[in-house]
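To start, the structure itself, in structure tokens.
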Amino acid sequence: MTMQRTGAAAGMPPMVDCAEAERRLQGFVDRELTPVEVAEVQMHLDSCANCRGRFRFEEHFRRIVRRRDETETAPAGLRERIRRLLGY
Ligand SMILES: [Zn+2]
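Going by our numbering, the sequence shown opens with residue 286, and the numbers climb by one from there.
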């Protein structure tokens with residue numbers, strides 16, 4: 286797994302690295318990022334399988350919880366159970 290570092294080349298758009306992708310994760314799944322921020326995150330996900338897995342898990346998790354929230358609050362530990370289930 287290679288860490289994506291901020292692009293140093295002049296003229297390059299600022300690259301989102303793993304730490305920045307992580308910071309934007311919640312906003313991404315909540316659709317709260319600007320289109321530019323989303324595009325930057327997408328660009329990182331295209332080149333980083335590690336973050337791609339994390340984001341996919343988070344979106345999957347949100348869908349499950351949202352569905353459960355219609356009738357009950359997600360119990361503590363649910364997140365961990367799903368994470369293990371999905372192998373993350
Ligand atoms: Zn990454």
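Even glycine gets a Cβ: it sits at the ideal position worked out from N, Cα and C.
Distance cut-off 6 Å: residue i Cβ against heavy atoms of ligand 1
i: residue 324; result: no
i: residue 304; result: no
Residue environment, residue i, which counts as buried when at least 16 other CB atoms sit within 10 Å
i: residue 330; result: buried
i: residue 309; result: buried
i: residue 325; result: buried
Through-space distance from residue j to residue i, alpha-carbon basis
i: residue 368; j: residue 335; result: 14 Å
i: residue 321; j: residue 351; result: 26 Å
i: residue 303; j: residue 366; result: 24 Å
i: residue 312; j: residue 318; result: 6 Å
i: residue 363; j: residue 345; result: 13 Å
i: residue 305; j: residue 343; result: 16 Å
i: residue 300; j: residue 323; result: 12 Å
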